[in-house]
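What follows is a short report on a single structure.
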Amino acid sequence: MYEERLDKRQFDELRPIELETGVVPNANGSARFKIGGTEAIAAVYGPAEVKPKHLEKSDQGIIICKYDMMPFSVPDRAKPGIDRRDMEISLVISNALSRAIMLEEFPSSMISVYVYITQADAGTRCASLTAASMACADAGLPMRDLIAAVAVGKIGDSIVADLSKAEEDYEGGATDIPIAFLPSKDEIVLLQLDGEVSKDELKKAIELGRKEANKIYELEKAALKRRFTYESKD
Ligand code: CDP
Numbered sequence: 414m415y416e417e418r419l420d421k422r423q424f425d426e427l428r429p430i431e432l433e434t435g436v437v438p439n440a441n442g443s444a445r446f447k448i449g450g451t452e453a454i455a456a457v458y459g460p461a462e463v464k465p466k467h468l469e470k471s472d473q474g475i476i477i478c479k480y481d482m483m484p485f486s487v488p489d490r491a492k493p494g495i496d497r498r499d500m501e502i503s504l505v506i507s508n509a510l511s512r513a514i515m516l517e518e519f520p521s522s523m524i525s526v527y528v529y530i531t532q533a534d535a536g537t538r539c540a541s542l543t544a545a546s547m548a549c550a551d552a553g554l555p556m557r558d559l560i561a562a563v564a565v566g567k568i569g570d571s572i573v574a575d576l577s578k579a580e581e582d583y584e585g586g587a588t589d590i591p592i593a594f595l596p597s598k599d600e601i602v603l604l605q606l607d608g609e610v611s612k613d614e615l616k617k618a619i620e621l622g623r624k625e626a627n628k629i630y631e632l633e634k635a636a637l638k639r640r641f642t643y644e645s646k647d
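In our numbering, the protein residues as written are 414 to 647.
Structure follows, in structure tokens:
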């Protein structure tokens, strides 16, 4: 039984969020998303010439993504360099972004997305996706929608939102279900499952994920509005 969360949050309560765009002056677009003790910074370049050339597609653009955790992002220094986990997360981010960005508008070109985790306390792939989509919007790329992502989990019999690392590790490990939405389209662009759930629990997890993603979506729109208002004053 998991009736009270370790940090006393409600089951549907997200950790405190900070979200801003335009944090990397040298990139075409950028964003910082912090949720509790997890922080992602995303920077976007392009559309630009495809390199290496053989990756080029004549009818649409391509996205390449690099996800990395800073060595100081976790209590045990994260090993510098790209490992299998980094490669997997880079792939799921670029797959999800491909559904959000109108790649057909950029034939024969490439969009490069770099995401760095400065602090990790679980849910980094979801934080990365939210930050990356905001960075793409900040870069002015045409998009079908923003991405709003959250890790839902099952601890004991309870389905809870936005797991912390302590919750992920609680009593032998929670079931981790990262979910990402294009909220206005009600499309799921990422759904992973690490652990076991019943069909009904999975449905409940997706419902909770949708509700939480909508909360994040409102914050994303507000952050873009702030950026736009700020720019129009210059
Ligand atoms: O970060 P996310 O939940 O998307 O992916 P994960 O592979 O399930 O990792 C869960 C968490 O484990 C991370 O968010 C970090 O807090 C932690 N972790 C770590 O402490 N050291 C690593 N080398 C990798 C992950």
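Note that CB positions come from ideal geometry on N, CA and C, so glycine has one too. All values reported here derive from a predicted model rather than from experimental measurement.
Would you mind stating whether arginine 623 and phenylalanine 594 have Cβ atoms separated by less than 8 Å?
yes
Would you say the beta carbon of glutamate 625 is closer than 7 Å to some non-hydrogen atom of the ligand CDP?
no
Which of the three DSSP states is assigned to phenylalanine 594 in this structure?
strand
By the 10 Å Cβ neighbour count, where 16 or more other Cβ atoms means buried, how is glutamate 452 classified, buried or exposed?
buried
Taking its Cβ as the centre, do 16 or more other Cβ atoms sit within 10 Å of alanine 635, making it buried, or is it exposed?
exposed
Coarse secondary structure for valine 505, derived from DSSP in three states
In the structure shown, valine 505 sits in a helix (DSSP, three-state: H, G or I).
Cβ of lysine 447 within 7 Å of any heavy atom in the ligand CDP?
no
Is the beta carbon of cysteine 478 within less than 7 Å of some heavy atom of the ligand CDP?
Residue side-chain check: cysteine 478 keeps its Cβ at 7 Å or more from all non-hydrogen atoms of the ligand CDP.
Nearest to aspartate 599 (by Cα), restricted to the options Leu559, Asp496, Ser471
The residue with the shortest Cα to Cα distance from aspartate 599 is Leu559.
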